[in-house]
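Asks: Heads up: take any position in the sequence shown, counting from 1, add 314, and you land on the working numbering.
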Amino acid sequence: MKLKAFISSATSNRSIIEHRSVSLWWQIILLFFSLIMIAFPFIVGRFNVNQEYLDANFPDFTQDFVLALNSSDCTFVSEDDLILVLTCPIQDQVIQGERYTIYLLPHENRVFNRESIVFFNDSLRVTLSPEQTLEGSYIFGEKSFDQILLDMNNPEFDITPKAYALNILRNMDLMALPTDIWFIYSSITIQYMMYLSIISLLIWWLYSRKGGIRLPFKEITGMLIMIMFWTALPTAVLGFFISVLASVMFTIGYVTRIIFMYTKLTRQIQV
């Protein structure tokens with residue numbers, strides 16, 4: 315497909331129909347970038363999770379985290395200059411907080427309560443429910459629990475204990491971002507590959523019934539992928555600013571343009 319024809323297909327259903335015999339390689343490339351753009355608003359929304367959201371989803375974390383720091387003389391030490399590990403004078407210590415049960419260096423066979431803060435050897439995990447769990451490596455530096463408490467209450471740092479604790483949750487949340495991005499893109503890929511297959515089959519069946527002519531399946535998918543690309547492009551830009559609206563607008567725009575394209579197809583196509 316020539317560049318001029320490709321650009322004209324951004325707004326013209328006639329151009330999409332006329333250039334429906336796009337090669338398989340072009341379809342794969344356009345589909346790949348379309349799926350990235352469709353996933354983009356969801357990724358932006360995931361990245362923009364803020365401290366207020368985390369505070370609402372993990373209530374009372376601050377006070378129970380401070381309780382854990384006050385309950386034992388543990389220290390973070392560097393291992394191989396890369397990983398911080400936690401050392402405590404007493405292992406498998408269990409402390410009951412206001413909401414969470416706190417575990418310090420638990421044994422392998424330890425069964426955790428539903429709402430828990432778990433200090434493993436090299437990571438921290440906070441759980442409110444199976445769906446609300448954060449886990450990440452330690453980022454405190456080589457410090458003791460007492461030193462962290464001093465940092466949380468040091469006026470020179472211009473930070474409150476709650477803000478300090480929420481920063482910990484935010485950093486843990488960011489550590490999960492690469493995995494979540496892969497999950498979002500994989501889910502979008504599976505979802506829209508199913509949609510593409512179903513809609514292509516439906517158009518193929520409807521058109522063959524209406525005109526008695528069977529369009530090649532490859533040409534139908536080519537048209538749908540071009541529509542997907544040009545619908546996803548502006549909504550991806552919108553996703554920078556309003557991620558929720560962008561995902562809704564893509565769905566509405568994609569379905570609407572497919573309907574207009576099919577209407578024009580049944581009237582104008584000549585095989």
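We put the beta carbon where it would ideally sit given N, CA and C, even for glycine.
DSSP three-state label for Y417, please.
Replies: strand
Asks: Could you check what DSSP says for V585 in three-state terms: helix, strand or coil?
Replies: With a pLDDT of only 46 at V585, under the threshold of 50, the placement of this residue in the model should not be trusted; the figure read from the coordinates follows. Looking at V585 - three-state DSSP - the assignment turns out to be coil, as it is neither helix nor strand.
Asks: Given that a residue counts as buried once 16 or more other Cβ atoms are within 10 Å of its Cβ, and exposed if not, what is W264?
Replies: In this structure the chain extends from 315 to 585, so residue 264 is not present and cannot be described.
Asks: In chain order, what are the residue ranges of uninterrupted alpha helix (DSSP H) at least 4 long that sit wholly in the stretch 452 to 492?
Replies: 459 to 466 and 475 to 489
Asks: Buried or exposed: where does P355 fall if 16 or more other Cβ atoms within 10 Å of its Cβ makes it buried?
Replies: buried
Asks: To which residues does DSSP link R360 through a beta bridge?
Replies: Answer is none; R360 lacks a bridge partner.
Asks: Measuring CB to CB, does M563 end up less than 8 Å from L552?
Replies: Yes, Cβ-Cβ distance for M563 and L552 is below 8 Å.
Asks: Tell me whether G411 sits in a helix, a strand or coil according to DSSP, three-state version.
Replies: coil
Asks: For Y367 versus L400, is the C-beta distance shorter than 8 Å?
Replies: no
Asks: Give the secondary structure of T325 by DSSP, where H, G and I count as helix, E and B as strand, and everything else as coil.
Replies: Coil, per DSSP.
Asks: Pull up the distance between the alpha-carbon of E456 and that of L464, whole angstroms please.
Replies: 14 Å
Asks: Does the Cβ-Cβ distance between A560 and T549 come in under 8 Å?
Replies: yes
Asks: Roughly how far, in whole angstroms, is the beta-carbon of E393 from the beta-carbon of T415, given that I think they are within contact range, below 8 Å?
Replies: Incorrect: roughly 27 Å between the Cβ atoms, too far for contact.
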